[in-house]
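Asks: Provided herewith is a single structure, encoded as structure tokens, for subsequent inquiry.
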Amino acid sequence: MPSPVPDQPREPTAAPAEAPARRGGVARTLRRWFDTGAEIELDEARADRIDWLRAAPYFALHLACLGVFWVGASWFAVGMAVAMYAVRMFALTGFYHRYFAHRAFKTSRVVQFLFAALGATCVQRGPLWWAAHHRNHHRHTDTPADPHSPRQHGFWWSHSGWFLTPRGFRTDWEAIPDLRRFPELRFLDRFDLLLPVLLALALFLLGGWLQRHHPQLGTDGPQLLVWGFFVSTVALFHATFTINSLAHRFGSRRFDTRDDSRNNAWLALLTFGEGWHNNHHFFPGAARQGFRWWEIDLTWYGLKALSWTGLIRQLRPVPAGLVRAQARAR
Numbered sequence: 000m001p002s003p004v005p006d007q008p009r010e011p012t013a014a015p016a017e018a019p020a021r022r023g024g025v026a027r028t029l030r031r032w033f034d035t036g037a038e039i040e041l042d043e044a045r046a047d048r049i050d051w052l053r054a055a056p057y058f059a060l061h062l063a064c065l066g067v068f069w070v071g072a073s074w075f076a077v078g079m080a081v082a083m084y085a086v087r088m089f090a091l092t093g094f095y096h097r098y099f100a101h102r103a104f105k106t107s108r109v110v111q112f113l114f115a116a117l118g119a120t121c122v123q124r125g126p127l128w129w130a131a132h133h134r135n136h137h138r139h140t141d142t143p144a145d146p147h148s149p150r151q152h153g154f155w156w157s158h159s160g161w162f163l164t165p166r167g168f169r170t171d172w173e174a175i176p177d178l179r180r181f182p183e184l185r186f187l188d189r190f191d192l193l194l195p196v197l198l199a200l201a202l203f204l205l206g207g208w209l210q211r212h213h214p215q216l217g218t219d220g221p222q223l224l225v226w227g228f229f230v231s232t233v234a235l236f237h238a239t240f241t242i243n244s245l246a247h248r249f250g251s252r253r254f255d256t257r258d259d260s261r262n263n264a265w266l267a268l269l270t271f272g273e274g275w276h277n278n279h280h281f282f283p284g285a286a287r288q289g290f291r292w293w294e295i296d297l298t299w300y301g302l303k304a305l306s307w308t309g310l311i312r313q314l315r316p317v318p319a320g321l322v323r324a325q326a327r328a329r
């Protein structure tokens, strides 16, 4: 009787090897929530797919707004939400956009940092990331290379999908050679959740203090956290994002630019002047986007006021001759 053939050695299965790798991938993603310097090499096959785990804080902020049903409302808390929206919107439009992305005026290094820090509390990443992506948008507006063109990618992608991908999370350092030399700005970019967390904590502690010392205001820590941080931050998100999505679809076109940019008065009110988007794409370097006296541009008014104090200077004007020439051409 022939001896039995011994069992052949089995090929090792992939699962044991993949499990640690998968756990390591999750750990790296969680680390990148707080330290964007931990980025890994871009996988082109997945570069433009939403990274749901990495994007979890964005969705969590929306869910946190449901807290209004538990904490209730007070005039003070709602007023704080409006104030936090207004102050941070100005930091975004005046500094993240018109200063960092377009260099529309000059300021000191201290003022540059202070407004960069204020803008970072908006949870729209760091100033370098923001400026780099916006410069690439202007370089490739409404072409396939535009990161958030509704013509190329549809409404939802241009509104929010684009920045939730591995490619969208990265900062294009080549686009910002003038800004990357500042270590304090690189710090804000790398640890972009630090200041939002500190702001949220400060609002919570302020609410607790007010509850103890000024109970007539009717607010407390959880209420001020939900309204002052979560609600105002999510409102900032979608007001800002409408410029990428709606302002390239709805509105009027004064200038014949090589893109789909539109002027939209309603969006201009919501975003402190950013809705004069066709004006902006016609001459991106101007500190003012409401070219006509009746085009309300709250950011411009704020920048003008800062220039009177000497905190900023050399605001780049709208070139009147260029505007007149374009008007005659039409």
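For what it's worth, numbering that gives the first Met the number 0 labels the leading residue of the sequence shown as 0, then goes sequentially. Backbone N, C-alpha and C fix where the C-beta goes; we use that ideal spot for every residue, glycine too. Predicted, not measured: the structure shown is a model, and the values here were computed from it.
1. Alpha carbon to alpha carbon, how far is residue 147 from residue 12? Give it in angstroms, no decimals.
2. Exposed or buried, which one is residue 206 when buried takes at least 16 other CB atoms within 10 Å?
3. Rounded to the nearest angstrom, what separates residue 314 and residue 285 at their Cα positions?
4. So, using beta-carbon positions, are residue 278 and residue 290 closer together than 7 Å?
5. Tell me whether the segment 78-93 and the segment 255-275 touch, counting them as touching only if at least three CB pairs, one residue from each stretch, are closer than 8 Å.
6. Check whether the segment 188-197 touches the segment 39-46, taking contact to mean three or more Cβ pairs, one atom from each stretch, closer than 8 Å.
7. With distance defined between alpha-carbon atoms, name the residue in 134, 209, 264, 188 nearest to residue 73.
8. Reducing DSSP to helix, strand and coil, say where residue 49 ends up.
9. Bridge partners for residue 140 per DSSP, in chain order?
10. Whose C-beta lies closer than 7 Å to the C-beta of residue 135 among residues of the same chain, with five residues either side of it excluded?
11. Please classify residue 93 as buried or exposed, where buried requires at least 16 neighbouring CB atoms within 10 angstroms.
12. I need the straight-line Cα distance from residue 78 to residue 233, nearest angstrom please.
13. Bridge partners of residue 105, per DSSP?
14. What are the residues that DSSP puts in a beta bridge with residue 275?
15. Using the DSSP secondary-structure output, state which residues sit across from residue 251 in a beta bridge.
16. From the DSSP output, in three-state form, read off residue 190 for me.
17. For residue 121, which three-state DSSP category applies?
18. Drop a sphere of 10 angstroms on the beta-carbon of residue 159, count the other beta-carbons inside from all chains shown, and report buried for 16 or more, exposed for fewer.
Replies: So, from the data block:
1. In the sequence shown, counting from the first residue as 1, residue 12 sits at position 13. In the sequence shown, counting from the first residue as 1, residue 147 sits at position 148. Legend: pLDDT at residue 12 = 42, less than 50; position of this residue unreliable, no value from coordinates given.
2. Numbered from its first residue, the sequence shown carries residue 206 at position 207. Classification of residue 206: buried, given that the 10 Å Cβ count is 16 or more.
3. The count along the sequence shown starts at 1 and reaches residue 314 at position 315. The count along the sequence shown starts at 1 and reaches residue 285 at position 286. Their Cα atoms are separated by approximately 8 Å.
4. To locate residue 278, count along the sequence shown from 1; it is residue 279. To locate residue 290, count along the sequence shown from 1; it is residue 291. In this structure, residue 290 lies closer than 7 Å to residue 278 by Cβ.
5. yes
6. no
7. Position 74 of the sequence shown, counted from the first residue, corresponds to residue 73. Taking only the C-alpha atoms, the option nearest residue 73 is 209.
8. Along the sequence shown, one-based indexing puts residue 49 at 50. Note: residue 49 maps to coil in three-state DSSP.
9. Residue mapping note: residue 140 aligns to position 141 of the sequence shown, counting from 1. In DSSP, residue 140 forms no bridge with anything.
10. Start at 1 with the first residue of the sequence shown, and residue 135 comes out as number 136. Within the same chain, residue 135 has close Cβ partners 146, 171, 174.
11. What you label residue 93 is simply residue 94 of the sequence shown in a count that begins at 1. The residue is buried, with at least 16 neighbouring Cβ atoms inside 10 Å.
12. Stepping through the sequence shown from its first residue, residue 78 is reached at position 79. Stepping through the sequence shown from its first residue, residue 233 is reached at position 234. When rounded, the distance between both Cα atoms is 16 Å.
13. Within the sequence shown, the letter at position 106 stands for residue 105. 312, per the DSSP bridge assignment.
14. Residue numbering aside, residue 275 sits at position 276 when the sequence shown is read from its first letter. Answer by DSSP bridge pairing, in chain order: 262.
15. Start at 1 with the first residue of the sequence shown, and residue 251 comes out as number 252. The partner list for residue 251 (beta bridge, DSSP) reads 262.
16. Numbered from its first residue, the sequence shown carries residue 190 at position 191. Three-state DSSP puts residue 190 in coil, outside helix and strand.
17. Residue mapping note: residue 121 aligns to position 122 of the sequence shown, counting from 1. DSSP, read as helix, strand or coil, puts residue 121 in coil.
18. Residue mapping note: residue 159 aligns to position 160 of the sequence shown, counting from 1. When all chains shown are included, residue 159 counts as buried.
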